[in-house]
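Peer 1:
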Amino acid sequence: MGRILSLLCFLFFFVLQGRARQEVLSDSLKRKEMYLVWNADSSLRDSLEIKKVIPHYNEARYLDRVVEDGVVKHLVSVKKLSRFQKGDEGRFMFLFNDPNFEPSETRTVAAISFQGEETLFDVLGEVRYITLNTKFRPLINAEFMPSFNGGYNAMMKYLNEKVNLAEDIDLPESCGAVMVGFVVGKDGSIKDLKVIEGCDEVLDEEAFRLVKSMPKWQVGKQAGAPVSVFVVLQLIFKL
């Protein structure tokens, strides 16, 4: 009997250790997980399957300034989005001091959502092309779009409560915003999260962590059925 109890205690301890290890690993940030990367199993140039599926894409668009050591730092078509850029503080100040949010507080991080924009068709196409994953086909528009529980202001509140950056962080003058793309799955969970336009490794990691740690969203629906929807957020840090 004593041996059986010892065995059960050992198994219980082993399971707990496994769960703890999984929790640590799930929060870890690995460079290859954060950014889009070239598919190591196939040659992009010689992929006939991709050329048949997406004939109008040309790998020559991806120059050294876009791809560093096999990591795609940002997507070419992202430039078409009317996003925040350094120097636009005046035009986008409402994102940081929104009187409908918390009048007495100044935000540390704000976000612009590009849900449903036509440009996302191109972004999504480039994701498929770069990853050689022709089965990556979430919607960009749905009859009912996915949303953070509580809406945009609730998402801003969440981001600013969870953001964790050192006060003396030293960043390039041109830096301040990170573009992330992800899929809101049929169960509302965040999937396939990638940095699609980086800024600085510290901010990239923080943007990735903030979005990855979000609770489940309200799911997108089409004809009453849950669907997976591709979402792009630009996180802007005011330091």
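Going by this note's numbering, the first residue of the sequence shown is number 56, and it counts up by one from there. Even glycine gets a Cβ: it sits at the ideal position worked out from N, Cα and C. As the structure is a computational prediction, the values presented were derived from the model and not from experiment.
1. Could you check whether E198 and K276 sit closer than 8 Å to each other, using their CB atoms as the reference points?
2. Measuring CB to CB, does V218 end up less than 8 Å from L265?
3. What are the boundary residues of the beta strand (DSSP E) that T237 is part of?
4. Inspect the CB distances between the segment 206–221 and the segment 239–256 and report whether three or more fall short of 8 Å.
5. In this structure, what does DSSP give as the bridge partners for G279?
6. Could you tell me how far apart the beta carbons of Y169 and L136 are, in whole angstroms, since I believe they sit closer than 8 Å?
7. Rounding to the nearest angstrom, what Cα-Cα distance links K241 and G253 in this structure?
8. Identify whether K249 lies in helix, strand or coil by the three-state DSSP scheme.
9. Name the one or two DSSP bridge partners that F263 has.
10. Quick check on I224: buried or exposed, where buried means 16 or more other Cβ atoms within 10 Å of its Cβ?
Peer 2: Based on what the coordinates show:
1. Yes.
2. Yes, they are a contact pair.
3. Just to set this straight, residue 237 is Phe in the shown sequence, not Thr. Per DSSP, F237 belongs to the beta strand (DSSP E) from A232 to V239.
4. No contact exists between the segment 206–221 and the segment 239–256.
5. G279 pairs with nothing; no bridge assigned.
6. First, the amino acid is wrong: residue 169 is Phe here, not Tyr. About 6 Å separates the Cβ atoms of F169 and L136, confirming a contact at the 8 Å cut-off.
7. Taking the straight line joining both Cα atoms gives about 27 Å.
8. Looking at K249 - three-state DSSP - the assignment turns out to be strand.
9. Answer is none; F263 lacks a bridge partner.
10. Per the 10 Å Cβ criterion, exposed.
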